[in-house]
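*Asks:* Sending over a structure as structure tokens; questions will come in a sec.
Residue numbers (our numbering): 192 to 259.
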């Protein structure tokens with residue numbers, strides 16, 4: 192689990208699946224980061240609140256707590 196803080200990443204949200212009031216997102220990250228960037232793993236699903244997922248897609252910033 193990641194802390195309550197902003198995490199910027201050089202990549203984009205690869206997929207998004209809404210599940211009630213939360214969302215599952217999968218990230219695409221640059222290859223040179225060895226598939227880990229600021230503690231985030233490429234092609235790994237993270238659960239977050241729907242509004243945070245929408246912000247992530249628009250700004251490339253994950254906010255709030257993400258559960259693995």
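Idealized CB from N, CA, C, for every residue including glycine.
From the DSSP output, in three-state form, read off residue 254 for me.
*Replies:* For this step, residue 254 is matched to residue 63 along the chain shown. Note that residue 254 has pLDDT 47, beneath the 50 cutoff, so the model's placement of it is unreliable and no number is given.
*Asks:* Using C-beta distances below 6 Å, list every residue in its chain close to residue 259, excluding the 5 sequence neighbours before and after it, in chain order.
*Replies:* On the chain shown, position 68 is the one that residue 259 refers to. Because the pLDDT at residue 259 is just 39, under 50, the model does not fix this residue reliably, and the point stays unresolved.
*Asks:* Rounding to the nearest angstrom, what Cα-Cα distance links residue 234 and residue 219 in this structure?
*Replies:* Residue numbering aside, residue 234 sits at position 43 when the chain shown is read from its first letter. Residue numbering aside, residue 219 sits at position 28 when the chain shown is read from its first letter. So the two alpha carbons sit approximately 6 Å from each other.
*Asks:* Helix, strand or coil: how does DSSP classify residue 214 here?
*Replies:* The sequence position of residue 214 within the chain shown is 23, counting from 1. In the structure shown, residue 214 sits in a strand (DSSP, three-state: E or B).
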